[in-house]
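Top to bottom, those sequences are chains Z and D.
In terms of the numbering used here, the first sequence is residues 370 to 510.
In terms of the numbering used here, the second sequence is residues 73 to 505.
All residues carry an ideal CB built from backbone N, CA and C; glycine is no exception.
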Amino acid sequence: MLNDHIHLSYEIVSEDFARAGEAASDVKRVLKKMNVKPDIVRKVAIALYEGEINMVIHSLGGTIDVYIMPNEIQMKLEDIGPGIEDIDKAMEEGYSTASETIRNMGFGAGMGLPNMKRYVDDLDIKSGLGQGTRITMRVIL
Amino acid sequence: MDNFYTAVRLEEGLCRGCINCIKRCPTQAIRVRNSKAVIKTEFCISCGECIRICPYHAKKSIFDPLASLNQFDYKVALPAPSLYAQFNNLGSTNLVLNGLINMGFDDVFEVSGAAEIVSALTRKYIKEHRDRLPLISTACPTITRLIQIRFPNLIENLIPIISPVDLAAHLAKERAINNTGLSPDKIGIVFISPCPAKVSAVKNPIGIEKSDVNLVLSMENIYSRLLVSLNEIKNKDNLEDLTMSGKIGISWGGSGGEAGGLLSDNYLAADGIENVIRILEDLEDEKLRDLEFIELNACNGGCVGGVLTVENPFLAKVKIKRLRKNMPLEKSSLTNYIEEEPYMYWSKEIEYKPVYQLGGNMHESINMLREVETILEKFPGLDCGSCGAPSCRALAEDIVRGQASENNCIHIVRDYIHKLSEDIYLLDAKKIN
């Protein structure tokens, strides 16, 4: 990783829906300046947006770090809780723990994590109740 | 033709090198260098925003002068639907059509008539391509250019049907050849345009090899001549009915009109270039689902908001609504006017033009972007535009591309001068002691 990479970092604030998506748009803007194929830009932007929204809805806040390297893009999403109780269940399409209010806002369809998995080459989740969540996504260029 | 042609030009003598246009340009295509605005044509989408904002009228759209009509033996006028919205108390679009004949044209062919055919083709196209929804309108050439340079993922959503003006030109030329027996080069097909984007699209076509339009006149430029002509004929009885379009066709002149012609509610229509960019971003991120059709117009209000129009776009929309009142739904459609033919579709692929890319490969781009970030830290982040670039980031990128230097930033120069004068003062003080 050393020097030949770009590191982008974003602070995610819990329940700040007005700013949700800013990290994903900024990463998209940067990728369009680079020699990344359009469909990969799209994959990264969508996966990151889903992850960002998840953090805004469910977490108590956290950070997103994106590393753009010549051969791959890594996205690390880390929040401070409340954590996912059953990761396997959370990965199922349509499963959601979002509140009625969140659903009325058009979120919480239970597609967040499944979509993230679909759009990236590798997704790793570490979480547990009361522990916060760490997600690493990799897209190979 | 040049890959990056634009009809937008600078009249150097009038330009004072202010920052209005560089700040307004939605694609950051303009820089001020040596106190004059310079358009980086590969970024220009011919939207005309710089023409609108320039307080010194230094930005212009090129178009053909009225006198250039004389080179043709037979002249056919193609009025854009927005033209009807420029006049008060018309009563009927037919007055404008007869006014154009009275002005010296041999024939008229309503672009709104061709628009009704495009509407019919679009309805059919949407039905047959449900796997590629939502489909995006290609009637506004500025939008297609924007997608081409900035939203490559949406190129496959573009509807590959030729624009109403190109279809009108094709049909008008055919009709003129049949009616007169003249050779095609003696026939002038003359579009009356509300915007520079249509001028650019005629000179450098999108999706087709060549447009059948020979000349493009500016609405603003012929306005007074046409007004005089309308007054000459307005009291005449039995004007020949030259109209070819109904409600669907003339509604294309305002935002939402094209979408209305699809006779479906499952559409979105957005106008104004900044709004359009937001919609395209969301479309690219697949945030807008369950829509069939997206109509996008670069100008506020749609074509009636074109920078070469005369009337206020909001009033213009009211006028279109009034004109529509007594019209049939449509007059020209695929079934009762013409058969579908291959020329009505694009024959050339739309290629992605990655003009924003910094380096030639990933390593180069990474290094250049890192350099941009390093340079950015030296700038104050005011985005003041005094350097001639629209933002500090844009200047940093220009420097990395080798097109500008750090000394273009007046804040850096000012700090340098401060430091220099301090050093001289200290040096003097030492000498005195």
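Cβ pair residue i, residue j closer than 8 angstroms
| i | j | result |
| --- | --- | --- |
| Tyr-488 of chain Z | Ile-415 of chain Z | yes |
| Lys-95 of chain D | Arg-103 of chain D | no |
| His-374 of chain Z | Ile-438 of chain D | yes |
| Pro-268 of chain D | Val-379 of chain D | yes |
| Leu-172 of chain D | Val-183 of chain D | no |
| Ile-449 of chain Z | Gly-431 of chain Z | yes |
| Val-285 of chain D | Ala-248 of chain D | no |
| Phe-177 of chain D | Ala-149 of chain D | yes |
| Thr-216 of chain D | Ile-278 of chain D | yes |
| Arg-396 of chain D | Ile-322 of chain D | yes |
| Gly-332 of chain D | Asn-372 of chain D | no |
| Gly-479 of chain Z | Glu-454 of chain Z | no |
| Ala-157 of chain D | Glu-383 of chain D | yes |
| Gly-318 of chain D | Gly-374 of chain D | no |
| Thr-252 of chain D | Tyr-146 of chain D | yes |
| Leu-239 of chain D | Gly-260 of chain D | no |
| Val-396 of chain Z | Val-425 of chain Z | no |
| Leu-430 of chain D | Met-403 of chain Z | yes |
| Leu-243 of chain D | Ile-264 of chain D | no |
| Ala-468 of chain D | Ser-154 of chain D | no |
| Cys-212 of chain D | Leu-352 of chain D | no |
| Ile-227 of chain D | Ile-422 of chain D | yes |
Heavy atom of the ligand MG within 7 angstroms of residue i beta-carbon
| i | result |
| --- | --- |
| Glu-200 of chain D | Ligands in the displayed structure: none, and consequently the ligand MG is not present. |
With 16 other Cβ atoms within 10 Å as the buried cut-off, status of residue i
| i | result |
| --- | --- |
| Ile-489 of chain D | exposed |
| Tyr-415 of chain D | exposed |
| Gly-481 of chain Z | buried |
| Thr-214 of chain D | buried |
| Ile-509 of chain Z | exposed |
| Lys-401 of chain Z | buried |
| Pro-385 of chain D | buried |
| Arg-222 of chain D | buried |
| Phe-386 of chain Z | exposed |
| Glu-413 of chain D | exposed |
| Gln-220 of chain D | buried |
| Thr-470 of chain Z | exposed |
Residues that residue i bridges to, as DSSP identifies them
| i | result |
| --- | --- |
| Leu-150 of chain D | D:Phe-263 |
| Phe-365 of chain D | D:Leu-207 and D:Tyr-339 |
| Lys-507 of chain Z | Note that residue 507 of chain Z is Arg in the sequence shown, not Lys. DSSP, once it has assigned bridges, lists Z:Gln-443 and Z:Asp-491 as partnering Arg-507 of chain Z. |
| Lys-131 of chain D | D:Leu-82 |
| Glu-380 of chain Z | Z:Thr-432 |
| Leu-287 of chain D | D:Val-262 |
| Ile-111 of chain D | D:Ile-102 |
| Ser-496 of chain Z | Z:Thr-502 |
| Asp-179 of chain D | D:Val-148 |
| Ile-375 of chain Z | Z:Ile-437 |
| Tyr-417 of chain D | D:Ile-233 |
Beta carbon proximity, residue i to chain B, threshold 8 angstroms
| i | result |
| --- | --- |
| Pro-439 of chain Z | The structure shown has no chain B; the protein chains it does contain are Z and D. |
| field | Any beta strand (DSSP E) of 3 or more consecutive residues that is wholly inside the region 421-487 of chain Z | value | Those beta strand (DSSP E) runs which fall completely within the region 421-487 of chain Z and span 3+ residues are 431-437 and 441-448.
| Members of the region 212-229 of chain D that neighbour chain Z once the beta carbon cut-off is set at 8 angstroms | When C-beta distances to chain Z are compared with 8 angstroms, the residues of the region 212-229 of chain D below that value are Arg-222, Pro-224 and Asn-225, in chain order.
| request: Ignoring anything shorter than 4 residues or poking outside the region 315-358 of chain D, list the alpha helix (DSSP H) runs there in chain order. | output: For the alpha helix (DSSP H) assignment, the uninterrupted runs of no fewer than 4 residues enclosed by the region 315-358 of chain D are, from N- to C-terminal side, 319-323, 329-332 and 345-356.
| request: Can you check the region 227-278 of chain D for any alpha helix (DSSP H) of at least 4 residues that lies completely inside it and give the ranges in chain order? | output: As far as the region 227-278 of chain D is concerned, its whole alpha helix (DSSP H) runs of at least 4 residues are 236-252 and 268-275.
| Residues, ordered as in the chain, of the region 431-455 of chain D that lie near chain Z by beta-carbon distance below 7 angstroms | Sequence-ordered contacts of the region 431-455 of chain D with chain Z read Gly-431, Asn-433, Met-434, His-435, Ser-437, Ile-438, Leu-441 and Arg-442 [C-beta pairs closer than 7 angstroms].
| message | Taking beta-carbon pairs under 8 angstroms, can you tell me which members of the region 398-430 of chain Z lie near chain D? | response | If the cut-off is 8 angstroms between Cβ atoms, the region 398-430 of chain Z has Val-399, Lys-401, Lys-402, Met-403, Asn-404, Val-405, Pro-407, Asp-408, Val-410, Arg-411, Ala-414, Ile-415 and Tyr-418 near chain D.
| task | With 7 angstroms as the C-beta to C-beta threshold (strictly closer), list the residues of the region 330-361 of chain D near chain Z in chain order. | result | Those would be Glu-353, Glu-356, Asp-357 and Glu-358, in chain order.
| If contact means a Cβ-Cβ distance below 8 angstroms, which residues of the region 76-87 of chain D contact chain Z? | Contact residues of the region 76-87 of chain D toward chain Z are absent (C-beta to C-beta distance below 8 angstroms).
| field | Against chain D: residues of the region 370-390 of chain Z by CB proximity under 9 angstroms | value | Under the 9 angstroms Cβ criterion, the region 370-390 of chain Z contributes Asn-372, Asp-373, His-374, Ile-375 and Gly-390.
| request: Give, in chain order, every residue of the region 477-506 of chain Z whose Cβ lies closer than 7 angstroms to some Cβ of chain D. | output: Within the region 477-506 of chain Z, no residue has a Cβ that lies closer than 7 angstroms to any Cβ of chain D.
| field | Residues of the region 402-424 of chain D whose Cβ lies closer than 9 angstroms to any Cβ of chain Z, in chain order | value | Answer set for the region 402-424 of chain D: Tyr-424.
| said: Report the start-end ranges of each alpha helix (DSSP H) in the region 424-467 of chain D that is 4 residues or longer and not cut off at the edges. | reply: As summarised for the region 424-467 of chain D, the continuous alpha helix (DSSP H) elements at least 4 residues long and confined to that stretch are 434-448, given in chain order.
| task | Anything in the region 474-486 of chain D with a Cβ closer than 7 angstroms to a Cβ of chain Z? List those residues in chain order, please. | result | Of all residues in the region 474-486 of chain D, none has a C-beta nearer than 7 angstroms to a C-beta of chain Z.
| request: Note down, in chain order, all residues in the region 137-153 of chain D with a beta-carbon under 9 angstroms from any beta-carbon belonging to chain Z. | output: Legend: CB atoms of the region 137-153 of chain D lying less than 9 angstroms from CB atoms of chain Z are not found in any residue.
| field | Members of the region 441-452 of chain Z that neighbour chain D once the beta carbon cut-off is set at 8 angstroms | value | Within the region 441-452 of chain Z, no residue has its Cβ closer than 8 angstroms to any Cβ of chain D.
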